[in-house]
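Asks:
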Amino acid sequence: MTQENLDIPVKNIDIDDLPNVSRRNFFKRTAIAGGAAMVAGGATLAASKASLEGRESNGIEVSDSFKAKDQRDIVLVQATSPHLTAKHPERNTEYQRLHNRPDFHFFESGAKYEHRDHWDNDRPGYTQADRALMHSAWYPLIVAQSRSAAFLQPNTPLHSWDQSDVEKEQFDFGSNKRASTMIKSAAKIYGAHRVGIAKFDKRFVYDPLFDVENGKELSWEDDFPFEPKSVIVILLPMDYDSIATSPAWCSEGTIGDSYTNMSKIACQMGKFIRGLGYNAVGAGNDLGSSVAYGILAGLGEGGRNGALIAPGIGPRARIAKIFTSIDLGDDFDVPHSWGINEFCKSCKKCADSCPADAISHDTEPSFEPTYEFSDEPGYTWNNHVGIKKWHSDAKKCFNFWCDNDGSCANCIASCTFNEPDFWHHWFIMAINPAMPRFIHSWMAEAHPAFGYGGQTKEPKIDKVEKMWGMGENMRTNSANKNNYGTAGKS
Amino acid sequence: MESLQWFSLGVFVMLCLNVMVYVGMTIKMKWYTIPLLIWGVVWMFFGIAWAGSSFIEGYPQSGSMALVFFTGFGLICTVVTWQRLVKPSLESNSN
C-alpha cells in the first residue's frame with residue numbers, strides 16, 4: 002500500500018520536526034497507560050482462570066429406563082472370554098455377515114492380538130523397535146499378572162479385593178473436606194495428574210460383574226467385599242508425541258505406560274486407604290465406567306469419541322478408580338462443563354480420523370446407537386442404551402485393533418482438545434465456552450491446519466521420526482505440569 | 679526460554695505504549711485512533727507470543743500460521759490506522 006494509493010501527500014517527516022512534550026506529563030500518562038495494560042492483562046488472566054474452573058453441570062443425562070451395564074456386554078470382555086464365545090456365537094456370525102469379514106472372530110482374533118510375531122523395519126511405526134516399545138510398556142502388568150484388568154477382569158493382584166489388611170483403628174480426618182484434600186494429596190504424591198472424588202452411583206458400575214477368567218458372574222451385594230460409598234478418580238496423561246504417532250505401534254508406548262501407572266497408583270491408593278482403616282479396592286477399566294465416573298468427579302466431559310475429555314489434556318488421559326467405604330457427605334466433587342460437549346457437535350475430527358469408521362458423525366448425541374446396522378436385531382449388544390452420548394461401534398474399533406495388531410489412538414490424537422501443555426492452548430480452552438458454533442467449526446479446522454492432530458489410517462512418518470528423534474528432549478508426561486483450577490470440583 | 683519470551687514481549691509492549699502516549703499527546707486525532715492502534719498491536723503481540731510458544735513446544739507450523747493470521751491481521755490494522763489516521767494528522771501538525 003503506497004501513500005499515493007491513499008491520496009496522502011508525500012512528505013518526509015523529520016524526527017526533529019516532532020514537537021516536544023512535557024516530560025512530566027509524558028511519564029505520568031505512560032504510567033497510567035502501563036497500569037491500564039497491567040489491569041487489562043490481569044483481568045484477562047483472571048477471566049481465563051475463572052472460565053477454566055468450568056461451571057456446574059447436570060453431568061450425565063440418562064433415560065428413565067436406564068440401568069447399569071452388564072459387564073458381559075462389553076467388546077473387550079467378549080473378546081477375552083471363551084465362555085461368552087460359546088454362549089454368544091451369533092455375535093461373531095452376525096458381525097462376519099454384516100461386514101463381510103469371515104476371517105474375523107472376537108475371541109480368536111483377540112487371542113492373537115499383539116502376538117503376531119512380525120515387524121517391518123522399512124515401515125516406520127511398525128519396526129522391531131516399535132514392537133519392543135509396545136510390549137515393554139505393558140510388561141510390568143504382565144509380571145504382576147494384572148494386565149487383564151485392562152480387559153475388565155476384576156480382582157487381579159494389583160487391583161485385589163482382599164481386605165484383610167484394613168487397619169482396625171479408623172483414622173479421624175476431622176472433616177470431610179480434610180479427608181478429600183488428604184486423599185488428593187496422597188494421589189498426587191503417587192503421580193496423579195488430577196484427582197476427583199465422586200459419590201458411588203450404582204448406575205455407572207458394571208452390574209453384574211463378570212470374572213472373565215473363570216466365566217463366573219459376580220454380584221456387588223454378595224461378592225464385592227464391602228459397600229462402596231465413594232469412587233476416587235485419577236487422571237494420568239499420556240505423552241503427546243507418542244500418541245501423535247497413532248495408529249503406529251509406538252503410540253502403544255505411552256498407552257501401556259499409562260496403564261501400568263494406573264494400576265500402580267490404584268494399588269497404592271487402595272493400600273493407603275486400607276491403612277487408614279477404611280475399605281478400598283483399586284480398579285483399572287474394571288468394575289465401572291471410567292468415563293462416567295470421570296464426569297461425576299468433575300474432571301471432564303464425555304466427548305464424541307466416547308472418551309473423557311479433560312481441559313488441558315483432552316482425551317489423552319487414562320483413568321484409574323478406587324472404590325472406597327469413605328463417605329464424604331456433602332463434599333463430593335460434582336460434574337462440571339467447559340463447553341466441550343457443545344464443541345464436539347461441530348468438530349467431528351475424531352470421527353473423520355477413525356480408520357474403522359466406528360465413531361458417530363451425528364451432530365447431536367442420542368440415547369441409543371444410530372450407526373450402520375444398528376437397526377439389525379441384536380447387533381448393538383455392546384452399547385449402553387439409555388445414556389445420552391455419541392454411541393460408537395466398538396466392534397469395528399476392535400476389528401481394526403486386530404488388523405493393526407496393536408491398539409489405535411487416532412480419536413485421541415486427532416481431538417481438537419488434545420494439545421501440548423502451553424499457555425495458548427489453555428487460552429483457547431478458556432474462551433471456548435463463549436464461542437458460537439460457527440467459530441467452533443473454524444477452530445476444529447484450524448487445529449490440523451496449525452500442525453496438530455490430523456491423524457490418518459496410516460501413521461504419519463514425520464511424527465514417528467520426531468518421537469524417536471527427541472531423545473533427552475522428550476517431554477513425556479511431565480509436560481502436563483499445569484492444572485489451572487481444572488482439577489476435581491467440590 | 680519461555681521466560682525470555684515473556685520478558686521481551688513486556689519490553690516491546692511498554693515501548694509501544696510509549697509511542698502511543700507520545701502520539702496521543704502531540705497529535706490531534708479522532709477518538710477511535712488509539713483504540714484501533716491498541717487493537718492492532720494486541721493482535722500482533724498475541725501472534726508473536728503464540729509463535730514463540732509454538733516453536734518452543736516443537737510445532738513450528740503452528741507458529742508460522744500464528745504469524746500469518748494473528749500477527750498479520752494486527753499488522754494490517756496497525757499500518758492502515760497509522761496511514762489513514764495518524765500520518766495525516768502528523769503531517770497537518772508539522773505544517
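Chains A and B, in that order, give the protein sequences.
Okay, so the first sequence: first residue is 2 according to the numbering used here, each after it adds one.
Okay, so the second sequence: first residue is 679 according to the numbering used here, each after it adds one.
Every residue gets a Cβ at the ideal spot worked out from N, C-alpha and C, and that includes glycine.
If the cut is a Cβ gap below 9 angstroms, which residues of chain A does B:GLN739 touch?
Replies: ALA450, PHE451, GLY452 and TYR453
Asks: Could you tell me which chain A residues have their CB closer than 8 angstroms to the CB of B:VAL699, listed as they occur along the chain?
Replies: PHE27, ARG30, THR31 and ALA34
Asks: Which partner residues does A:LEU219 have in the DSSP bridge list?
Replies: A:LEU210
Asks: Mind pulling the alpha helix (DSSP H) runs of 4 or more residues that sit fully within the region 83-160 of chain A?
Replies: 83-88, 90-100, 107-113 and 129-144
Asks: Per DSSP, which residues does A:HIS337 bridge with? Please list them.
Replies: For A:HIS337, which the question treats as bridged, DSSP gives the partners A:GLU57.
Asks: Just checking, does the region 727-739 of chain B make contact with the region 62-82 of chain A on the three C-beta pairs under 8 angstroms criterion?
Replies: no
Asks: Going by beta-carbon coordinates alone, are A:ALA267 and A:VAL292 separated by less than 8 angstroms?
Replies: no
Asks: To the nearest angstrom, how far is the alpha carbon of A:GLU302 from that of A:SER58?
Replies: 10 angstroms
Asks: How big is the Cα-Cα spacing for A:PHE451 and A:CYS348?
Replies: 15 angstroms
Asks: Please give the ranges of any alpha helix (DSSP H) in the region 687-754 of chain B, keeping only runs that are unbroken, at least 4 residues long and fully inside the region.
Replies: Restricting attention to alpha helix (DSSP H) runs no shorter than 4 residues, the region 687-754 of chain B encloses them at 711-735 and 738-744, ordered along the chain.
Asks: To the nearest angstrom, report how far apart B:PHE751 and B:GLY718 are at their CA atoms.
Replies: 7 angstroms
Asks: Secondary structure at A:PHE344, three-state DSSP: helix, strand or coil?
Replies: Looking at A:PHE344 - three-state DSSP - the assignment turns out to be helix.
Asks: How should A:ARG98 be labelled, buried or exposed, when 16 other C-beta atoms within 10 angstroms of its C-beta is the threshold for buried?
Replies: exposed
Asks: With A:LEU236 as the anchor, note down where its beta strand (DSSP E) starts and where it stops.
Replies: 231-238
Asks: Taking 8 angstroms as the threshold (beta carbon to beta carbon), is B:LEU753 in contact with chain A?
Replies: no
Asks: Excluding the 5 residues flanking A:ILE184 on each side, which residues of the same chain have their C-beta closer than 7 angstroms to its C-beta?
Replies: ILE198 and ILE233
Asks: So what's A:VAL465 in DSSP terms, helix, strand or just coil?
Replies: A:VAL465 carries a helical assignment under DSSP once its states are collapsed to helix, strand and coil.
Asks: Determine which residues of the region 716-732 of chain B have a Cβ less than 8 angstroms from any Cβ of chain A, and write them out in chain order.
Replies: ALA727, TRP728, SER731 and SER732
Asks: Please decide whether A:PHE232 counts as near chain B, where near means a Cβ-Cβ distance under 8 angstroms.
Replies: Strictly speaking, residue 232 of chain A in this sequence is Val, with Phe absent from that position. Not closer than 8 angstroms to any Cβ of chain B, the Cβ of A:VAL232 fails to qualify, so no.
Asks: Whole angstroms are fine: how far does the CA of B:THR759 sit from the CA of A:LEU7?
Replies: Here A:LEU7 scores only 46 on pLDDT, less than 50, and its place in the model is too uncertain to base an answer on.
Asks: Put A:PHE67 into one of helix, strand or coil per three-state DSSP.
Replies: coil
Asks: Note down, in chain order, every chain B residue with its Cβ under 7 angstroms from the Cβ of A:ALA38.
Replies: VAL691 and LEU695
Asks: For A:TYR241 and A:ILE235, I'd like the C-alpha separation in whole angstroms.
Replies: 18 angstroms
Asks: By the three-class DSSP mapping on this structure, what secondary structure does A:VAL22 have?
Replies: coil
Asks: What three-state label does DSSP hand B:LEU763 in the structure shown?
Replies: helix
Asks: For chain A, find out if any of its Cβ atoms is closer than 8 angstroms to the Cβ of B:MET743; answer yes or no.
Replies: yes
Asks: Using DSSP bridges, identify the partner residues of A:PHE324.
Replies: A:VAL232 and A:VAL282
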